[in-house]
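The structure appears below as structure tokens.
Residue numbers (the UniProt record's numbering): 1 to 110.
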């Protein structure tokens, strides 16, 4: 498996987790203090779009790492639980790093 598959998953896991925390903060301001409705809407739209990208990258990583359906589902859902994506990303990285390897260089035949 290429290192780029893991790297893009990791980037999107962090981006999705941070955006979810921002969204939760916006929701507190919207419903707790009755302010920031427009910002909350914009952040929710951005988070939704980024979460879709996260799903694609996580699914790609899971299929290449040959995860079970349950594990794949947990990784996919971790982008919807505040703070979970940080911990799941760390665990996934530890498990998948041994599978990441640079392809052997091609040897030219004389």
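The C-beta atom is built at its ideal place from N, Cα and C for all residues, glycine as well.
Small disclaimer: the values here were computed from a predicted structure and weren't measured.
| Query | Result |
| --- | --- |
| beta-carbon residue 91 near the ligand NAP non-hydrogen atom, thresh 7 Å | What this structure holds is no ligand at all, so the ligand NAP is not there to describe. |
| Collapsed DSSP secondary structure at residue 114 in the structure displayed | Because the chain is modelled from 1 through 110, residue 114 falls outside the range shown and cannot be assessed. |
| Contact the region 33 to 42 vs the region 57 to 68: 3+ CB pairs below 8 Å | no |
| Close beta carbons around residue 12, own chain, < 8 Å, minus the five adjacent residues each side | 50, 53, 54, 57 and 58 |
| Length of the line joining the Cα atoms of residue 104 and residue 75 | Unreliable positioning characterises residue 104 in this predicted model, as indicated by a pLDDT of 49, which lies under 50. The coordinate reading is nonetheless provided below. Roughly 30 Å between the two C-alpha positions. |
| Endpoints, the alpha helix (DSSP H) within which residue 72 is located | 69 to 77 |
| Residues near residue 100 in its chain [Cβ-Cβ closer than 6 Å; skip 5 each side] | 1, 3 and 6 |
| Coil, strand or helix - residue 98 by DSSP | helix |
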